[in-house]
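Since the structure comes first, as C-alpha cells, the remarks are kept for the end.
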Amino acid sequence: MHPDVYETVLRWIPEKSRALDLGTGDGVFLERLIRTRQVTGEGVEKNPALVARCVERGLVVHQGDIADGLDQYGDQAFDFVLLLGTFQELVAPAEILREAFRVGNQVVIAHTNFAHVAVRLQVLLRGRTPMTQFLPSHWYRTHNLHFFSILDFQDFCREAAIQEVKQAYFNARGAVRWWPNLLAAEAVSLLRSDPNSRHSAKVNPLNATT
Amino acid sequence: MTSAPHTGIVRGDLQDQKVGDYQSPLGMTHTQTVTLPGLRTQSGFTFDHVEVCYQTLGTLSPARDNAVLVCHALSGNAHVAGLHPETGRPGWWDYHVGPGKAIDTDNFFVICANVLGSCGGTTGPASLNPKTGKPYGMEFPPVSVRDMLALQIKLLDHLGIARLFAVIGASMGGMQALALAMDYPDRVRVCIPIATCTSHSAMQIAFNEIGRQAILNDPQWNGGNYSDDHRPVQGLAVARMVGHVTYLSEFAMTHKFGRKRQAEYDAESEETAMFAVESYLRYQGESFVKRFDPNSYLYLTRAIDEFDLFENGSVTELLRSVRARFLIISFESDWLYPPPQSRELVRLLKRANVPVTYLNLNTQYGHDSFLIENPAFASVVRHYLENELRARRY
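So the sequences go chain by chain: A and B. Note that this note's numbering gives residue 88 to position 88 of the first sequence, counting from 1, and the numbers run on in steps of one. Note that this note's numbering gives residue 345 to position 345 of the second sequence, counting from 1, and the numbers run on in steps of one.
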C-alpha cells in the first residue's frame, strides 16, 4: 500500500488502544503502531516465514488465515481491527467484515481503487488487464480476488449498515481531495457499524451467505 | 522455510543415535540426584521420600529469575544436553539447548528433571519399595501428569526458584508446561508448549494401548514382577516400534527409507535383506529396551492418556488465572499431535485474553520435528525467549 495509508492509520488510532492487524506480513507496521502509539497490538499472518519475522520483532502473532485468526478472539476484544490491503484478497469479504465487527469496535480497511484513471485508460486503450504501480502483478499472479472501486465500496458499506467515519485517498503524488473515484489509486476508511441505518437486513451483504 | 525441507535436518533425533563424532559445545554434563520429602499423588498415595534426578546448565542469576524448566517427553530423561560422562551420548535436546542455541545457556539457567514414574533416576516402578525392599513394579501408585508437575515444583522449591522465567516442553513435556502455567500461575512468566494437546484423542490413546498390550502380553512381563535377566524386552521393543511409526511422517518414511533394503541382495545365501525401515525399527526397539523400564512405559503412557488440562473445572474459570505469555508451536506433518489440537488450545487461551503467539511450522518430520536439528524451530524459540528477556528488563 501507499506509505501515506500507513501514516493515516497511525494518526487515526488513538494512543493505548487495542488493535488487531489482519495480514500483518513481517510486522513492520504493527511494530510501529505499538512503539509510536503505545497500542496493545496483535497480528495474524498466514505465511510461517513472515510469522517468524514477527516473532523476531517481539510481536504477538497468530499463524493462520484471516478467518481462523478472527475466530481466535472473543467479542469486542479490540478497539480496532485493521485490514490493510487484504480486503480485496478475501474469498468472503462480507463474512470477514461481520466477524471483524464482532471482534473489534471499529474496522480500518485500505483497498485499491479499480476505477482509478490509470486503470480505466489501460482497459480502454490497451484492452488488457491493467497493471499499475498499485496493481503490480499480472492477472495470473495477483492475490486480488475482488475488483471494486471506491464507489462500489461506499455502496457496500451503505447496504451493510456500516458508517464510514473517516476516509482518505491517495495516488502516486500524495493525498487526493477531488473526484477520488477517478483520481485515487488507493483508499483507506475507518468504519463503524451503524445500528441506526434504515437498510433492512434483507439487502445487507453482511447477512448474505453465499 | 516453507519450501523444500532443510537438508541438514535428516540426522534424526539424538536419543538413540549411535555415538559418532557428535560434538556438544557443553562438553560433558552431569546429572545429580536429590531426595525430596513427602509427595502425595492425585490418586491419594503418599511417598515419604522421592528421589529426583535432574540436570542444571548455565548460571542462576543473582535475582534467581532466569530459570528455564525443560520438561521431557515420554522416553526422555534428565540428561537434556551435553555429553553423558559414561556413555558419551549427547543429551536428548542437545540440538536446542546450549550456548547460542534456542535455549541459550549463556542467558538462562536450564533445569531438566526426570519425571515421576520414569526410570532415569527419579522414583518409578523400577525403584525399590522401602516397605518391601523389592522394586515397586505394579505396586507403584498410578502417576498423573499433575503428579509429575508436583514433583517438578518440589524441585524448584528445593532449588530456591520462586518464579521460572520459562517452562518449555513438547508432547508429554508440553502437557506439564500447560498445567504449570494454569495450576501455578505465579510461578512462570513464559510458557512454550510444543506439539502437544489439552487431552489425548481416541487415536492417541489407541496407539499407546497397542504399546501397552505388547508389554502386558509378553510372557516375561509376569504381572510386572520381572528380574533384570528376564525383562519383557520383546513387548517393550514392539511398543517402541509402534511409537516410532507415529513419530515419523509419510515424508520422513519415504525419504529415510522408501523401499530401500538394509543390504544388497546376497546371491549366495539367496536371502533378501530386510527393508531399511524394518532394520530402523528393530534398532530403535533394541536400543530403547536397554535404557527404559517396561513398567515405566505402562505408567507414563497411562498418565498422558488420562491427562485432561481442564479436569478441575470449567475452561473459562481455569484460564482466568493464567498469567504467563505463550508461544505455541505445532508441526504441519505431525499426525500424532496434529496442528488442530494446538489451534484449539490457542483459541481457548486467546478467548481468555492470554497473549499467545502461535506458529505451525512446515517441518516435514512428523512429531519428531522438535527432537531433530531444526533451524526454523530453533530460531523462533531463541528470538521469542530473547525478546521476552529484553521486555522484562525494561
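Note that CB positions come from ideal geometry on N, CA and C, so glycine has one too.
Please state if the CB of residue j and the CB of residue i are separated by a distance shorter than 8 angstroms.
| i | j | result |
| --- | --- | --- |
| B/Val242 | B/Arg325 | no |
| A/Arg35 | A/Leu10 | no |
| A/Ser137 | A/Ala115 | no |
| A/Gly23 | A/Glu45 | yes |
| A/Leu183 | A/Val119 | no |
| B/Pro125 | B/Gly133 | no |
| B/Leu151 | B/Leu39 | yes |
| B/Ala81 | B/Thr41 | no |
| B/Ala78 | B/Cys119 | no |
| B/Met90 | B/Leu14 | Looking at the sequence shown, residue 90 of chain B is not Met but Pro. Result yes, Cβ atoms of B/Pro90 and B/Leu14 sit closer than 8 angstroms. |
| A/Arg18 | A/Asp79 | yes |
| B/Arg240 | B/Gly285 | yes |
| B/Ala376 | A/Ala52 | yes |
| A/Val188 | A/Ala175 | no |
| B/Pro141 | B/Ser43 | yes |
| B/Val50 | B/Ile192 | no |
Please report the straight-line C-alpha distance between residue i and residue j, rounded to a whole angstrom.
| i | j | result |
| --- | --- | --- |
| B/Leu248 | B/Lys260 | 17 angstroms |
| B/Gly173 | A/Arg173 | 56 angstroms |
| B/Leu318 | B/Ala177 | 15 angstroms |
| B/Thr2 | B/Arg343 | Note on B/Thr2: pLDDT 36, under 50, position unreliable in the model; no value is reported. |
| A/Lys16 | A/Val81 | 14 angstroms |
| A/Leu84 | B/Met148 | 47 angstroms |
| B/Tyr136 | B/Val70 | 27 angstroms |
| A/Leu70 | A/Glu99 | 7 angstroms |
| A/His143 | B/Leu57 | 48 angstroms |
| A/Asn105 | A/Val39 | 15 angstroms |
| B/Tyr394 | B/Trp335 | Any reading at B/Tyr394 must be qualified, since the residue scores a pLDDT of 49, below 50, and its modelled position is unreliable; the value itself is stated next. When rounded, the distance between both Cα atoms is 40 angstroms. |
| B/Ser75 | B/Arg291 | 9 angstroms |
| B/His6 | B/Thr105 | Here B/His6 scores only 38 on pLDDT, less than 50, and its place in the model is too uncertain to base an answer on. |
| B/Thr363 | B/Ser333 | 7 angstroms |
| B/Ala4 | B/Ala206 | Unreliable positioning characterises B/Ala4 in this predicted model, as indicated by a pLDDT of 35, which lies under 50. A coordinate reading is not provided. |
| B/Trp92 | B/Ala102 | 14 angstroms |
| A/Gly74 | B/Thr196 | 23 angstroms |
| B/Arg323 | B/Val354 | 7 angstroms |
| B/Tyr283 | B/Val277 | 10 angstroms |
| A/Thr210 | A/Leu145 | The pLDDT assigned to A/Thr210 is 46, lower than 50, so where the model puts this residue is not dependable; a value taken from the coordinates is nonetheless given after this. So the two alpha carbons sit approximately 15 angstroms from each other. |
| B/Met175 | B/Thr46 | 23 angstroms |
| B/Val238 | B/Ile210 | 9 angstroms |
Thinking C-alpha only, which one of the options is nearest residue i?
| i | options | result |
| --- | --- | --- |
| B/Leu337 | B/Tyr365, B/Met182 and B/Arg320 | Note that residue 337 of chain B is Tyr in the sequence shown, not Leu. Nearest C-alpha to B/Tyr337: B/Tyr365. |
| B/Ser379 | A/Leu50, A/Phe87 and A/Gln38 | A/Leu50 |
| B/Phe257 | B/Thr87, B/Arg390, B/Leu116 and B/Phe275 | B/Phe275 |
| B/Asp48 | B/Asn129, B/Ser24 and B/Pro62 | B/Asn129 |
| B/Arg52 | B/Thr123, B/Gly100 and B/Asn312 | Before going on, a small fix: residue 52 of chain B reads as Val here, not Arg. Comparing Cα-Cα distances from B/Val52 to each of B/Thr123, B/Gly100 and B/Asn312, the minimum goes to B/Thr123. |
| B/His72 | B/Ile194, B/Arg390 and B/Val346 | B/Ile194 |
| A/Val107 | A/Pro3, A/Ala92 and A/Phe87 | A/Phe87 |
| B/Ala252 | B/Asp104, B/His84 and B/His367 | B/His367 |
| A/Val91 | A/Phe80, A/Ala110, A/Ala67 and A/Phe101 | A/Ala67 |
| B/Leu361 | B/Asn353, B/Phe331 and B/Glu388 | B/Phe331 |
| B/Leu60 | B/Phe109, B/Leu36 and B/Leu14 | B/Phe109 |
| B/Leu236 | B/Asn114, B/Arg212 and B/Asp228 | B/Arg212 |
| B/Ser199 | B/Arg89, B/Leu385, B/Leu74 and B/Phe307 | B/Phe307 |
| B/Glu388 | A/His2, A/Asp79, A/Val55 and A/Thr129 | A/Val55 |
| B/Gln23 | B/Leu83, B/Asp293, B/Thr46 and B/Ala391 | B/Leu83 |
| A/Ala161 | A/Asp26, A/Arg192, A/Val60 and A/Pro3 | A/Arg192 |
| A/Asn204 | A/Cys157, A/Ile109 and A/Leu30 | A/Cys157 |
| A/Pro14 | A/Tyr140, A/Gln76, A/Asp152 and A/Arg37 | A/Arg37 |
| B/Pro25 | B/Gly100, B/Val34, B/Thr254 and B/Tyr54 | B/Gly100 |
| B/Gly313 | B/Gln220, B/Asn114, B/Met182 and B/Tyr384 | B/Met182 |
In the DSSP assignment, what are the bridge partners of residue i?
| i | result |
| --- | --- |
| B/Tyr54 | B/Gln32 and B/Ala113 |
| A/Gln106 | A/Phe80 and A/Arg192 |
| B/Gln330 | Before going further, note that residue 330 of chain B is Ser rather than Gln in the sequence given. Looking at the DSSP assignment, B/Ser330 forms a beta bridge with B/Asn360. |
- prompt: If we count Cβ pairs, one from each stretch, closer than 8 angstroms, do we get three or more for the region 357-376 of chain B versus the region 82-100 of chain B?
  reply: Three or more beta-carbon pairs separated by less than 8 angstroms link the region 357-376 of chain B to the region 82-100 of chain B, which places the two stretches in contact.
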